[in-house]
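J.: Numbering (the working numbering) for the sequence shown: 9 to 586. We put the beta carbon where it would ideally sit given N, CA and C, even for glycine. Please read through the structure below; I'll follow up with questions.
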Amino acid sequence: MLLCRRSTIFVPSFIAKTSPNLFSYFTKKTHALSLFKNSPIHCNHSYLFGKPIKDSNFIGAHDLFVNKKAKFCNLAISGTSRRNEKAVGGNVMSLREKKKARREAPEGVLKFKLDTCSKRGDVVEGLRLYDEARKNGVELNQHHYNVLLYLCSQNGGENVSDLRKQGFEIFQQMIIDKVPPNEATFTNAARLASAMEDPEMAFDLVKQMKGFGILPKLRSYGPPLFGFCKKGMADKAYEVDAHMIEYGVVAEEPELSALLKVSADVNNADKVYELLHRLRTSVRQATESTVGIIEDWFKSKHAAKTGKENWDVRKVKEGVARGGGGWHGQGWLGCGQWRVVRTQMDKEGVCGSCGERLACIDIDPRETEDFAISLSKLALGREVKADFIRFQDWLQRHGPFDAVVDGANLSLINQQTFSFSQLNSVVHRLHDMSPSKKLPLVILHKSRVTGGPAQSPYNKKLLERWKNSGALYVTPAGSNDDWYWLYAAVCYKCLLVTNDEMRDHLFQLLGTSFFPRWKEKHQVRLSVSRSGIALQMPPPYSIVIQESENGSWHVPTTTNDDLETPRQWLCATRPIKS
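Set out below in C-alpha cells:
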C-alpha cells in the first residue's frame, strides 16, 4: 500500500502525482494539515478517502462512511439534532411538528439559505454561510457540503483560482467530519479539479466511486472527458470513454461530439469512423456544432488520404443487409478529396447534391413487440392498473386499427377552443385513406366528452357515432391519455396522428434506442391553413446519419420540427473509380 508522506502528513498520492500545485496547496495550509495528522488515511492513487483496512488500531475512512449506524448525517434533510430532541423532552411530536422542528433547526435554516444561494448562483453568500455555520458549531450534512461544492465548481470570475481552492478546503472538511459522499459529491469535486485544468485528478475521483458502492452518472464523466479533449489528450479521453462503457453509461451527443473533435484533431481516422457510427445509432441527427466538426473532418487533408481504394463489394452488400440498410460498417471506402456540401432531400429521399436515394431502414418486428411489452409495463406502473387493463381488453375486442388519433392535440391546433369539427375532418381524411376503410381510433380524456363543446347537439351525435362504431375510447378521470394513444399505435403497428413532439418526461422513459425510429416511421402530423387541413405522412426514407454502399455519407441536422422549414443535410462524397 502506497503512503504519500510530506513531513508527518499523509496526502492522497494522486494529488501529489497528478497535481503538484494542488499537493503544495494542501500541505501549505496549516488548518488543512489536521486532516491527515489527526485521522491518517492510507491511500493509493485510486482512493482519496482510503480503502477499508482491517487494523485493530486504525479505522479506515471507508469503514466510517459506509457504517449506517454512524452518528453523522448522510441525508439532505436530516432529523432534528440531539439538542433539539432534548428540547422537546419526552413529548410525542406529530409529523407536522417534526417537519417544523427540522426546518427551524440550525441545520434546516442553513439548508434553506444554501439552497437559495444555489438557485441564485451566489457563491459569496454561500461561503459566508459556511464560515458562520462552522463558527457556530452547526453540524453540516451531506446536502450542505454538496451545495457548497456545487457553488464553488460552477462559479468563475476574477478570483476563480482562490474559489477552487476554497472548494477543496470544503471537500477536505467533509472528510474530516466523516460525512459520507455520494455521486454528487464526487461529481462536484471532479468539476473543481477540471476547473483547475486537472482532468487526471477529475478522472481519479470518478474511479474512486466504485470503492464506495456509488455508480457514476453521465454528468460524472463530463469533467475528465471534456478536460482531456480540450487539452488534446485523445488517448486519455478514450480511457474515460471506455470506463463509461464498462459501467453502462451511454454517451450522448456532447460527449460523442467532443470525442469526435479530438479524434479528428489527432487524425485518428478509425476513431472518427467509429464515432460517426455511434452518433448514427444513438443520436441519429446532429446539431449544427456537431455537423460543423464532421464537415471539417471531411474537408481535411487527412480525410482525403484515408480509405480503401479497392474493397469487397460482396462484404459491403452483406453488411448493408445485416444492418437493415443505411450503413455497412466496412470502413472508409474510396480515396481522394471529399466533396462536402449542405443540401436537402426531396420528398422521396433523393439527395439534391449527389442524386443518391437514402434508405428506409427496417425495424425488426421483434423489437416492436418487445417495445409494446415494455410500454405496457410502464403504463401499468403509472396509471390505475385496472383502468389500463380494461383498455387493453377493449383493444382486443375492437382492434385492429389503421390509425390512432390523439384527439385533444389535433382539436386544438390553431384553435382558441376545442374544435370537434377539425377533429372530425381528420377522422374523415384517415377513413378515406384507410386500406380497410375503417374509422381510426380516437382517444379522448373524459373531461373532453362531458363538458364544454362536447355538450352541443352536433358534437354529442358525433361522439355517439364514433362510440357505436368502436372508434372512440374515453380515458378515465385522473389518467394520462398519452399512455393510451401511444400503446394502441404501437400495439397495432399503425399510424399515430399527433403533433405532440413526445419529448417530455413520459417519453424520455422510453429511451433513445428504439422509440425515435418507431416515431419516425409511424407519426403523422397535421398542418392547418385557410385552405384546410393537410396530413404530413412519415417520410419514405430514414432521417438518420447514413453510409452508402459506395462510401458516401449523409448527415441530417436537427430541426425544430417546423413542417414548413426543410431539413438541411450534409452530403460528403468522392469520385468512384470505375
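1) Looking only at its chain, what residues have a beta carbon closer than 6 Å to the beta carbon of F236, apart from the 5 residues adjacent to it on each side?
2) Classify S102 as buried or exposed, calling it buried when 16 or more other Cβ atoms lie within 10 Å of its own Cβ.
3) What span of residues does the alpha helix (DSSP H) with D273 cover, start to end?
4) Identify, in the order they occur along the chain, each residue of the same chain with its Cβ nearer than 6 Å to the Cβ of Y481, setting aside the five sequence neighbours on each side.
5) What residue from V248, R456, W491, T506 has the CA that sits closest to I421's CA?
6) Nearest-angstrom Cα distance between G486 and L388?
7) Does the separation of the CB atoms of D370 and G332 fall below 8 Å?
8) Using three-state DSSP, classify Q516 as helix, strand or coil.
9) Please list, in chain order, all residues of the same chain as L386 whose beta carbon is under 7 Å from its beta carbon, the five residues on each side excluded.
10) Output the distance between the C-alpha atoms of D372 and S556, rounded to the nearest integer angstrom.
11) Is the stretch 247-262 touching the stretch 215-234 in the sense that three or more CB pairs, one from each, lie closer than 8 Å?
12) On the DSSP bridge list, what partners appear for T565?
13) Please list the terminal residues of the continuous beta strand (DSSP E) segment that includes I451.
14) Hey, I178 and Y138: beta-carbon distance below 8 Å or not?
15) Evaluate Y158 with the Cβ neighbour count: other Cβ atoms within 10 Å of its Cβ, from every protein chain shown; 16 or more gives buried, anything less gives exposed.
16) Cβ of R288 within 8 Å of Cβ of I553?
17) I'd like the list of long-range same chain contacts for V457, defined as Cβ closer than 7 Å, with 5 residues on each side in sequence excluded.
18) Find the nearest neighbour of F234 within the set L431, K215, E205, P224, judged by alpha-carbon distance.
19) How should M545 be labelled, buried or exposed, when 16 other C-beta atoms within 10 angstroms of its C-beta is the threshold for buried?
20) Return the Cβ separation of T351 and W577 in integer angstroms, given the expectation that the two are a contact with Cβ distance under 8 Å.
21) Tell me, to the nearest whole angstrom, how far the beta carbon of H301 is from that of L268; I am working on the premise that it is less than 8 Å.
22) Is the closest heavy atom of the ligand FMN to the C-beta of F522 under 7 Å?
23) Within this structure, are the beta carbons of Q162 and I551 separated by less than 8 Å?
24) Span of the beta strand (DSSP E) holding A580?
25) Do you know how far the Cα of P461 is from the Cα of I116?
26) Do L118 and G134 have their C-beta atoms closer together than 8 Å?
27) Does the beta-carbon of G342 have 16 or more other beta-carbons within 10 angstroms, so that it is buried, or is it exposed?
28) Tell me the rounded alpha-carbon separation between L383 and Y495.
29) What does the alpha-carbon distance come out to for the pair V258 and K454?
30) Between the alpha carbons of E191 and Q150, how many angstroms are there, rounded?
31) Buried or exposed: T573, going by 16 or more other Cβ atoms within 10 Å of its Cβ?
32) Under a Cβ-count criterion, where at least 16 other Cβ atoms within 10 Å of its own Cβ denotes burial, should H152 be classed as buried or exposed?
33) For K173, is the classification buried or exposed, using 16 other Cβ atoms within 10 angstroms of its Cβ as the cut-off for buried?
T.: Well, looking at it:
1) As a working mapping, residue 236 is identified with position 228 in the sequence shown. Cβ neighbours of F236 beyond the five flanking positions: P207, K244, A245.
2) Residue numbering aside, residue 102 sits at position 94 when the sequence shown is read from its first letter. So S102 ends up on the exposed side.
3) Along the sequence shown, read from residue 1 onward, the residue named residue 273 stands at position 265. Where D273 is concerned, the enclosing alpha helix (DSSP H) stretches over 261-273.
4) If you number the sequence shown from 1, residue 481 lands on position 473. In its chain, beyond the 5 residues on either side, I451 have a beta carbon closer than 6 Å to the beta carbon of Y481.
5) Taking the sequence shown and counting its residues from 1, one reaches residue 421 at position 413. The alpha carbon of I421 has as its nearest neighbour, out of V248, R456, W491, T506, the alpha carbon of T506.
6) Start at 1 with the first residue of the sequence shown, and residue 486 comes out as number 478. Start at 1 with the first residue of the sequence shown, and residue 388 comes out as number 380. Spanning the two alpha carbons is a distance of roughly 14 Å.
7) What you label residue 370 is simply residue 362 of the sequence shown in a count that begins at 1. What you label residue 332 is simply residue 324 of the sequence shown in a count that begins at 1. Yes.
8) Stepping through the sequence shown from its first residue, residue 516 is reached at position 508. Helix.
9) Residue mapping note: residue 386 aligns to position 378 of the sequence shown, counting from 1. Within the same chain, L386 has close Cβ partners L517.
10) Here residue 372 corresponds to residue number 364 of the sequence shown, with the count starting at 1. Here residue 556 corresponds to residue number 548 of the sequence shown, with the count starting at 1. Taking the straight line joining both Cα atoms gives about 20 Å.
11) yes
12) Residue numbering aside, residue 565 sits at position 557 when the sequence shown is read from its first letter. A294, per the DSSP bridge assignment.
13) Working through the sequence shown from its first residue, we reach residue 451 at position 443. Start and end: 449-453.
14) Here residue 178 refers to the residue found at position 170 when the sequence shown is read from its first residue. Here residue 138 refers to the residue found at position 130 when the sequence shown is read from its first residue. A contact, by the Cβ cut-off of 8 Å.
15) As a position in the sequence shown, residue 158 is number 150, starting the count at 1. Y158 comes out buried.
16) Here residue 288 refers to the residue found at position 280 of the sequence shown. Here residue 553 refers to the residue found at position 545 of the sequence shown. Yes; because the gap between Cβ atoms is below 8 Å, this pair is in contact.
17) Working through the sequence shown from its first residue, we reach residue 457 at position 449. L471, V482.
18) As a first step, residue 234 is located in the sequence shown; it is residue number 226 there, counting from the start. Closest by alpha carbon: E205.
19) Numbered from 1 along the sequence shown, position 537 holds the residue referred to as residue 545. When all chains shown are included, M545 counts as exposed.
20) Residue mapping note: residue 351 aligns to position 343 of the sequence shown, counting from 1. Residue mapping note: residue 577 aligns to position 569 of the sequence shown, counting from 1. Going by Cβ atoms, the distance from T351 to W577 rounds to 5 Å, so yes, they are a contact pair.
21) Taking the first residue of the sequence shown as 1, we reach residue 301 at position 293. Taking the first residue of the sequence shown as 1, we reach residue 268 at position 260. For the sequence presented, residue 301 should be read as Ile rather than His. The Cβ separation is near 5 Å, so the contact holds.
22) This structure simply doesn't include the ligand FMN, nor any ligand for that matter.
23) Looking up residue 162 in the sequence shown gives position 154. Looking up residue 551 in the sequence shown gives position 543. With contacts defined as CB atoms closer than 8 Å, Q162 and I551 fail to qualify as a contacting pair.
24) Locating residue 580 in the sequence shown gives position 572, where the first residue counts as 1. A580 -> beta strand (DSSP E) spans 577-581.
25) Here the question's residue 116 lines up with position 108 in the sequence shown. Here the question's residue 461 lines up with position 453 in the sequence shown. Checking the displayed sequence, the identity of residue 116 turns out to be Gly instead of Ile. Computed Cα separation, rounded: 50 Å.
26) One-based indexing of the sequence shown puts residue 118 at position 110. One-based indexing of the sequence shown puts residue 134 at position 126. Contact: no.
27) Within the sequence shown, the letter at position 334 stands for residue 342. G342 comes out buried.
28) Residue mapping note: residue 383 aligns to position 375 of the sequence shown, counting from 1. Residue mapping note: residue 495 aligns to position 487 of the sequence shown, counting from 1. One C-alpha to the other measures close to 7 Å.
29) For the purposes of this step, residue 258 is identified with residue 250 of the sequence shown, where counting begins at 1. For the purposes of this step, residue 454 is identified with residue 446 of the sequence shown, where counting begins at 1. In this structure, the alpha-carbon of V258 lies about 39 Å from that of K454.
30) By 1-based counting over the sequence shown, the position of residue 191 is 183. By 1-based counting over the sequence shown, the position of residue 150 is 142. For E191 and Q150, the distance between alpha carbons rounds to 11 Å.
31) As a first step, residue 573 is located in the sequence shown; it is residue number 565 there, counting from the start. The residue in question, T573, is exposed, as its Cβ has fewer than 16 Cβ neighbours within 10 Å.
32) For this step, residue 152 is matched to residue 144 along the sequence shown. Looking at its Cβ environment, which holds 16 or more other Cβ atoms inside 10 Å, H152 is buried.
33) Here the question's residue 173 lines up with position 165 in the sequence shown. Buried, by the Cβ-count rule.
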